[in-house]
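Protein chains in written order, with our numbering: chain A, 340 to 608; chain B, 10 to 200.
Note that CB positions come from ideal geometry on N, CA and C, so glycine has one too.
Comments concern the structure below.
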């Protein structure tokens with residue numbers, strides 16, 4: 340009963356705002372509006388809402404129009420934004436510096452020719468045995484030095500290994516995780532920590548911190564762990580932030596890959 | 010005097026979302042905005058996003074009836090794109106400071122504030138509509154966004170008559186309004 344009334348009122352309000360009422364009905368409705376503040380409020384609210392809907396429709400239409408214009412212009416070569424994001428910068432630089440590159444190429448050609456003739460006219464007939472002996476000595480000196488350096492590097496590596504692993508703990512498996520808040524919550528894969536009794540987190544300086552599993556979702560292979568270690572100092576800010584809403588299709592996202600330390604731009608489609 | 014006249018026609022076309030006008034503005038301004046973004050740590054994708062947001066700001070400005078730009082479209086677009094990109098860089102803390110400017114800029118702070126408000130309202134509406142589920146979502150989109158009449162909608166969705174479709178539409182509308190105003194009155198689009 341009540342719902343029927345609400346629906347009828349909404350219908351009246353909407354027809355009133357859209358100017359779909361007959362003059363008589365309109366007059367009647369306006370009297371009702373004046374005497375009933377609830378109806379008046381409904382009209383105000385619904386007007387605002389319809390405005391929002393209209394604006395939403397317009398903006399949505401405009402946005403999709405922009406995207407199709409962009410694609411058309413790229414396709415016809417009228418704007419120069421090539422589709423694969425990886426190559427885009429290269430292409431851009433190339434067209435920008437095309438003329439410079441052509442000049443540089445011709446200079447390179449001329450220089451190559453000149454050097455050819457220079458080398459040809461200045462090459463001595465044969466190196467003397469003295470020179471060869473001297474070069475031999477230099478090379479063996481260098482070899483000895485390189486070997487010494489290699490030994491030094493090994494020594495440094497050994498000392499690092501001892502200090503970072505610490506006594507009495509030997510990790511059997513390993514994996515990667517990312518901090519998701521400064522206080523030590525991290526996200527990682529469930530299979531990494533699932534069967535572990537002791538978990539240690541190692542940072543990029545080789546420092547180790549104790550951690551425990553907070554949540555485990557084996558079906559999605561995701562785990563949340565928390566660093567619980569007196570030596571861990573909370574990080575005040577992370578180099579990322581959380582999106583306030585779900586991404587649209589075609590919005591760019593970054594995937595972080597370890598240990599390649601590279602950022603990959605990909606598209607969600 | 011001629012170029013100014015042309016720009017006015019373009020802006021009037023933009024206000025009506027006239028494809029030819031939008032395409033012309035797009036074509037004439039995209040290149041140097043892309044150069045601005047790429048020369049300041051951005052990618053081609055960033056350039057497209059920033060430029061399209063700039064176009065939306067310009068569209069909103071012409072929609073609101075202020076056709077007077079007091080400067081060339083090029084200068085306006087450059088100024089807006091610069092502010093948007095600067096803000097994005099700061100949000101990602103990739104860069105703090107100013108950009109290498111190659112053009113004159115005008116103040117666009119007010120327009121950007123308007124845009125920010127509208128953008129957040131757009132987000133709220135988008136989220137509210139997405140949260141509705143079918144068939145409510147399709148029903149409302151058909152009537153309010155695609156501007157179909159109830160007869161067409163009834164046959165498209167398989168209602169026996171347009172009265173039933175209308176009743177259903179109002180029920181959906183009440184739900185949508187409830188969701189939308191909950192966020193709107195909180196002034197935030199997040200839970």
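Rounding to the nearest angstrom, what Cα-Cα distance links residue i and residue j in this structure?
i              : j              : result
residue 531(A) : residue 513(A) : 7 Å
residue 174(B) : residue 69(B)  : 33 Å
residue 409(A) : residue 32(B)  : 8 Å
residue 469(A) : residue 47(B)  : 57 Å
residue 83(B)  : residue 135(B) : 31 Å
residue 98(B)  : residue 585(A) : 21 Å
residue 489(A) : residue 482(A) : 11 Å
residue 192(B) : residue 133(B) : 7 Å
residue 496(A) : residue 64(B)  : 56 Å
residue 373(A) : residue 44(B)  : 58 Å
residue 536(A) : residue 519(A) : 22 Å
residue 406(A) : residue 25(B)  : 17 Å
residue 167(B) : residue 398(A) : 29 Å
residue 155(B) : residue 559(A) : 39 Å
residue 517(A) : residue 568(A) : 17 Å
Please classify residue i: does DSSP put it in a helix, a strand, or coil?
i              : result
residue 40(B)  : helix
residue 562(A) : strand
residue 100(B) : helix
residue 344(A) : helix
residue 137(B) : helix
residue 550(A) : strand
residue 128(B) : helix
residue 511(A) : coil
residue 360(A) : coil
residue 521(A) : coil
residue 493(A) : helix
residue 540(A) : strand
residue 516(A) : strand
Go ahead and label residue i buried or exposed: buried means 16 or more other beta carbons lie within 10 angstroms of its beta carbon, across all protein chains shown.
i              : result
residue 357(A) : exposed
residue 189(B) : buried
residue 473(A) : exposed
residue 347(A) : exposed
residue 51(B)  : buried
Please work out which residues of its chain come closer than 8 Å, Cβ to Cβ, to residue i, disregarding the five sequence neighbours upstream and downstream, and give them in chain order.
i              : result
residue 114(B) : 84, 87, 88, 91
residue 505(A) : Since pLDDT at residue 505(A) reaches only 46, below the 50 mark, its modelled position is unreliable, and the value read off the structure follows with that caveat. Once the five neighbours on either side are set aside, the close Cβ partners of residue 505(A) are 547.
residue 127(B) : 69
Within the same chain, show all residues whose beta-carbon is closer than 7 Å to that of residue i, passing over the 5 residues directly before and after it, in chain order.
i              : result
residue 9(B)   : Outside the shown range of chain B (10 to 200) lies residue 9(B), about which nothing can therefore be said.
residue 162(B) : 148, 151, 152, 174
Would you say residue i reaches chain D, if we count a Cβ-Cβ gap shorter than 8 Å as a contact?
i              : result
residue 475(A) : This model lacks chain D altogether; the protein chains it does include are A and B.
Tell me which same chain residues have a C-beta within less than 6 Å of the C-beta of residue i, skipping the five on either side of it?
i              : result
residue 522(A) : 573
Check: Mind listing which residues of the region 131-163 of chain B have their C-beta closer than 9 Å to chain A's C-betas, in chain order?
Finding: Listed by position along the chain: 131, 132, 133, 134, 135, 136, 138, 139, 149, 150, 153, 154, 155, 156.
Margin query: Against chain B, which members of the region 374-401 of chain A pass a CB distance test of less than 9 Å?
Written below: With the criterion set as a beta carbon lying under 9 Å from some beta carbon of chain B, the members of the region 374-401 of chain A are 384, 385, 387, 388, 389, 391, 392, 393, 394, 395, 396, 397, 398, 399, 400, 401, in sequence order.
Notebook entry, point to check: Relative to chain A, which residues along the region 22-44 of chain B have a C-beta separation below 7 Å, given in chain order?
Noted result: Those residues of the region 22-44 of chain B that come within reach of chain A (Cβ to Cβ, closer than 7 Å) are 26, 28, 31, 32, 35, 36, 39, 40, 43.
Next item on the list: Residues of the region 175-195 of chain B with a CB closer than 9 Å to any CB of chain A: list them in chain order, please.
Entry: Closer than 9 Å at the C-beta level to chain A, one finds these residues of the region 175-195 of chain B: 175, 176, 179, 180, 182, 183, 185, 186, 189, 190, 193.
Item checked: Near-chain A residues of the region 57-74 of chain B - C-beta to any C-beta below 9 Å -> If the cut-off is 9 Å between Cβ atoms, the region 57-74 of chain B has 57, 58, 60, 61, 64, 65, 68, 69, 72 near chain A.
Next item on the list: Can you give me, in chain order, the residues of the region 403-415 of chain A that have a beta carbon less than 7 Å from any beta carbon in chain B?
Entry: The residues in question are 404, 405, 408, 409, 412.
Margin query: Please list, in chain order, the residues of the region 346-368 of chain A that have any C-beta partner in chain B closer than 7 Å.
Written below: For the region 346-368 of chain A, residues whose beta-carbon sits nearer than 7 Å to a beta-carbon of chain B comprise 346, 349, 350.
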